[in-house]
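J.:
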Amino acid sequence: MKIGELSQRTGVSTKTIRFYEDQGVLPPADRAPNGYRDYPEDAVDRLRFVKDAQSTGLTLTEISAILDLRRQGDSTCEHVVDLLEGHLSGLERHIERLQRTKAQLVALTERARSLDPAECVDPNRCQTIAGDATGDRVSDGRGNPLHSTPHQHAHRG
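Going letter by letter, the sequence shown gives residues 0 to 156 in our numbering.
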């Protein structure tokens, strides 16, 4: 099948199909006498697998490793489980960071609502973000600072 038909059947652009072929994710197509690529039927299943694997967060490098194992006749299940567990762990860490960021934004928003706009006279310092006049840092309610403010350097003469 020609590249256009493969693209239509899989929803993968012709440019991406060529890229996958260059990267070894898709085996090189045979060439017709006119130079056009001629893909076998199993290219459809291969591209669908690549799309499915990418939807789980796997990288092309990881997908290539799975395909290499499969091509060698080895079982891929244990390797895939390891990859997915690693991605899940990374996702959980990312969610924790996002939750901390959300807590920071909630605290800063509450702080901003409590400040008097008339007192905001320093064009180089946002009192909402920089902390209060006593130098206290904004915290997440558990004593953890929400941010760092730049160090103020005193001029010595």
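We put the CB at the ideal spot given by N, CA and C, even for glycine.
All values reported here derive from a predicted model rather than from experimental measurement.
Using the C-alpha atoms, what's the distance from T108 back to V43?
T.: Distance between the alpha carbons of V43 and T108: 51 angstroms.
J.: Please confirm whether A111 and T127 have their CB atoms less than 8 angstroms apart.
T.: Yes, the pair counts as a contact, with Cβ atoms nearer than the cut-off.
J.: Indicate the three-state DSSP secondary structure (helix, strand or coil) for G140 in the structure shown.
T.: With a pLDDT of only 46 at G140, under the threshold of 50, the placement of this residue in the model should not be trusted; the figure read from the coordinates follows. Coil at G140, not helix or strand.
J.: Would you tell me roughly how many angstroms separate the C-alpha atoms of Q98 and L90, rounded to the nearest one?
T.: The straight-line gap from Cα to Cα measures roughly 12 angstroms.
J.: Are at least three pairs of beta-carbons, each pair with one atom in the stretch 74–92 and one in the stretch 31–48, less than 8 angstroms apart?
T.: They do not touch, by the three-pair rule.
J.: Mapping DSSP to helix, strand and coil, what is A132?
T.: In this predicted model, A132 has a pLDDT of only 48, less than 50, meaning its place in the structure is not dependable enough to derive any value.
J.: Taking the alpha carbon of A64 as the reference point, which residue from A117, T13 and Q22 has its own alpha carbon closest?
T.: When only C-alpha atoms are compared, the closest one is Q22.
J.: Return the chain-ordered list of same chain residues with a C-beta closer than 7 angstroms to the C-beta of R47, the five sequence neighbours on each side being excluded.
T.: Correct list, in chain order: T9.
J.: Please report the distance separating the alpha-carbon of H86 from that of T60.
T.: About 14 angstroms.
J.: Do P116 and the ligand GTP come close, with the Cβ less than 7 angstroms from some heavy atom?
T.: This structure lacks the ligand GTP; in fact it carries no ligand of any kind.
J.: So what does D29 bridge to, in DSSP terms?
T.: According to DSSP, which records beta bridges pairwise, D29 is partnered with D37.
J.: State the Cα-Cα distance for the pair S88 and T58, rounded to the nearest angstrom.
T.: Whole-angstrom Cα-Cα distance: 15 angstroms.
J.: Which same chain residues, not among the five before or five after C119, have their C-beta less than 7 angstroms away from its C-beta?
T.: These residues qualify, in order along the chain: Q126.
J.: Return the first residue and the last residue of the alpha helix (DSSP H) that E20 is part of.
T.: Unbroken alpha helix (DSSP H) run through E20: T13 to Q22.
J.: Please classify I16 as buried or exposed, where buried requires at least 16 other C-beta atoms within 10 Å of its C-beta.
T.: Per the 10 Å Cβ criterion, buried.
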